[in-house]
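Structure record follows, encoded as structure tokens.
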Amino acid sequence: MELMERICALSDELEPHLLEIRHQIHRNPELAFHEYKTSSLVRSELERMGIPYEESPCSPGIIAAIDSGKPGKFLMLRADMDALPIQENTGLPYASENPGVMHACGHDVHTSNLLTVAEILNRTKDQWKGKVKLVFQPAEEHGGGGRQMIEAGLMDEVPDACFALHVENGKKGKLAVSTGYLTAYSDGYTLTVHGKAAHSSTPEAGTDAIYIAAAIVTALHGMVSRDMSPMEHSTLNIGVIHGGSAANIIADKVEMSLMMRNLSKEARETMCRKIETLSRGIAEAMGGSCDCELHPGYAAVYNDEKFSGFVADTFRKYEDTLFENFTWEKPENWLETGEKPLLGAEDFGFYSQKAPSCMIWAGVCEDASKHSPEFRVDESYIKLCTRAMAMVAAEFLSQE
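The sequence shown begins at 1 in full-length UniProt numbering and counts up one residue at a time.
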């Protein structure tokens, strides 16, 4: 309890600086793999705190470490740094100064929050054991920066657990901790249908790629409702079709782009197999052919049952300290468990494939949704994020 009270006091003390850092990041948003100003600010802050760091081979990611000097567990904390290609429309005094780019998903909060958590853990390392690795990751939104950092060696030394926090709209002051799948696998396909060109006056001389593509579209849309279990939470969308050159020409080629989402690895494998079998089979039966190219996307975030239970138990154990000294009252049912999984994608899934992991949602606003030009965070709730992450880390690193 003494350590948690110290974390509470430090979060109060550091809150003004956290908001100052957040304003700097929000004012200077950067797209995936271009977060150089943000990365520079992170390095500057870590140097100020005396926390050693290294630049990731996946630029411009930053990896820092705090070692208590005592044997114990190894915890990884992750924050993403990138913004979105959106023109901000909030009217905030620290609104984006980069036209067409905005922190519309809260990654500015994630980064400034992890920096503050780093300072708290660094100041309290005499009270916990083991070590913590801090990951400031580029390109969560577009590019899978987490996957690239891992491929570059980030998790060659596998941590005992990984923890991340994502701000959420619509539930101010609430923390949501679930177990099992939190988000979905998200993958794309390019289907290229090949036929034979001919003049529309002699259709028998050709093989209509558009006609074949139409049959494939119908079959694939029916596949989800008839060939996949409704319990699998799978979706498929064909969003782009290109084909043909003139109204009087039988098209010899059509390209289609589709996106599929699956909550489990097994459903993903089933859908891949059925997409390719149906598409190729239909095309061949109609006198053409179809090339199927998979574009692997993000892995599903899987919240480990044991570690996620530990996170929820930590919040319950230190509830009074967690909600101390706020300008707002603790909401009823502030801790939500058993949240339904989302079919959206999050590249923290790549971390959860490597080590027991947990990502939580923290409610910080009730206005416009994420990825909206009007997305605004109520800053009086950011300190809850700081305490939540710091307390989980300290409790985990204090265990035998």
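The beta-carbon is built from N, C-alpha and C at its ideal position, and this holds for glycine as well. Quantities reported herein were computed from a predicted structural model and do not represent experimental measurements.
Quiz item: Which residue spans inside the UniProt domain "Peptidase M20 dimerisation" (188-279) form an unbroken beta strand (DSSP E) run of at least 3?
Solution: You should have 235-243 and 253-262.
Quiz prompt | Separation of residue 164 from residue 79, as counted between CA atoms | solution = By one-based count along the sequence shown, residue 79 stands at place 79. By one-based count along the sequence shown, residue 164 stands at place 164. Taking the straight line from one Cα to the other gives about 7 Å.
Quiz item: For residue 399, does the count of other Cβ atoms within 10 angstroms reach 16, so buried, or fall short, so exposed?
Solution: Start at 1 with the first residue of the sequence shown, and residue 399 comes out as number 399. With fewer than 16 other Cβ atoms within 10 Å, it is exposed.
Exercise. Would you mind working out which of 394, 370 and 391 sits nearest residue 171, comparing C-alpha positions?
Key: Numbered from 1 along the sequence shown, position 171 holds the residue referred to as residue 171. Selection 394, 370 and 391 evaluated against residue 171 yields 370 as nearest (Cα-Cα).
Quiz item: Just to confirm, does residue 17 get its C-beta within under 7 Å of one of the non-hydrogen atoms of the ligand SAM?
Solution: Here there are no bound small molecules, and the ligand SAM is not part of this structure.
Self-check item: Between the CA atoms of residue 137 and residue 326 - distance to the nearest angstrom
Solution: As a working note, residue 326 is residue 326 in the sequence shown. As a working note, residue 137 is residue 137 in the sequence shown. In a straight line, the C-alpha of residue 326 is about 30 Å away from that of residue 137.
Quiz item: Is the CB-CB distance between residue 109 and residue 377 below 8 Å?
Solution: Working through the sequence shown from its first residue, we reach residue 109 at position 109. Working through the sequence shown from its first residue, we reach residue 377 at position 377. A contact, by the Cβ cut-off of 8 Å.
Quiz item: With burial defined as no fewer than 16 other Cβ atoms inside 10 Å of the residue's Cβ, what is the status of residue 22: buried or exposed?
Solution: One-based indexing of the sequence shown puts residue 22 at position 22. Result: buried.
Quiz item: Any idea what DSSP makes of residue 101, helix, strand or coil?
Solution: Within the sequence shown, numbered from 1, the residue matching residue 101 stands at position 101. Here residue 101 sits in coil by DSSP.
Quiz item: Identify the residues that DSSP records as bridge partners of residue 76: which are they?
Solution: By one-based count along the sequence shown, residue 76 stands at place 76. According to DSSP, which records beta bridges pairwise, residue 76 is partnered with 133 and 162.
Quiz item: For residue 268, which residues from the same chain have a beta carbon less than 6 Å from its beta carbon, with the 5 sequence-adjacent residues on both sides left out?
Solution: In the sequence shown, residue 268 corresponds to position 268, counting from 1. Excluding residues within five positions, the ones whose Cβ falls inside 6 Å are 185 and 262.
Quiz item: Closest by CA to residue 270, which one among 24, 12 and 187?
Solution: By 1-based counting over the sequence shown, the position of residue 270 is 270. Nearest in C-alpha terms to residue 270, of all of 24, 12 and 187, is 187.
Quiz item: Exposed or buried, which one is residue 306 when buried takes at least 16 other CB atoms within 10 Å?
Solution: One-based indexing of the sequence shown puts residue 306 at position 306. Residue 306 is exposed by the Cβ-count criterion.
Quiz prompt | Secondary structure, beta strand (DSSP E): runs of 3+ residues fully inside the region 341-390 | solution = 357-365
Self-check item: Continuous beta strand (DSSP E) stretch holding residue 297: start and end
Solution: Taking the sequence shown and counting its residues from 1, the one referred to as residue 297 is at position 297. Its beta strand (DSSP E) spans residues 289-298.
Quiz item: Hey, residue 51 and residue 66: beta-carbon distance below 8 Å or not?
Solution: Counting from 1 along the sequence shown, the entry for residue 51 is found at position 51. Counting from 1 along the sequence shown, the entry for residue 66 is found at position 66. Yes; because the gap between Cβ atoms is below 8 Å, this pair is in contact.
Self-check item: Residue span of the alpha helix (DSSP H) that contains residue 84, given as start and end
Solution: By 1-based counting over the sequence shown, the position of residue 84 is 84. If you look at residue 84, you'll find it isn't in any alpha helix (DSSP H); DSSP assigns it neither H nor E.
Exercise. Return yes when the Cβ of residue 394 is within less than 8 Å of the Cβ of residue 124, no when it is not.
Key: As a position in the sequence shown, residue 124 is number 124, starting the count at 1. As a position in the sequence shown, residue 394 is number 394, starting the count at 1. Contact flag set, yes.
Practice problem: Give me the Cα-Cα distance between residue 280 and residue 251, rounded to the nearest whole angstrom. | Solution: Taking the first residue of the sequence shown as position 1, residue 280 is located at position 280. Taking the first residue of the sequence shown as position 1, residue 251 is located at position 251. Residue 280 and residue 251 have their C-alpha atoms spaced approximately 18 Å apart.
Quiz item: Rounded to a whole number of angstroms, what is the C-alpha to C-alpha distance between residue 126 and residue 120?
Solution: Indexing the sequence shown from 1 puts residue 126 at position 126. Indexing the sequence shown from 1 puts residue 120 at position 120. About 11 Å.
Quiz item: Considering only residues of the region 316-343, which uninterrupted beta strand (DSSP E) runs meet the minimum length of 3 residues and lie entirely inside it, listed in chain order?
Solution: 335-337
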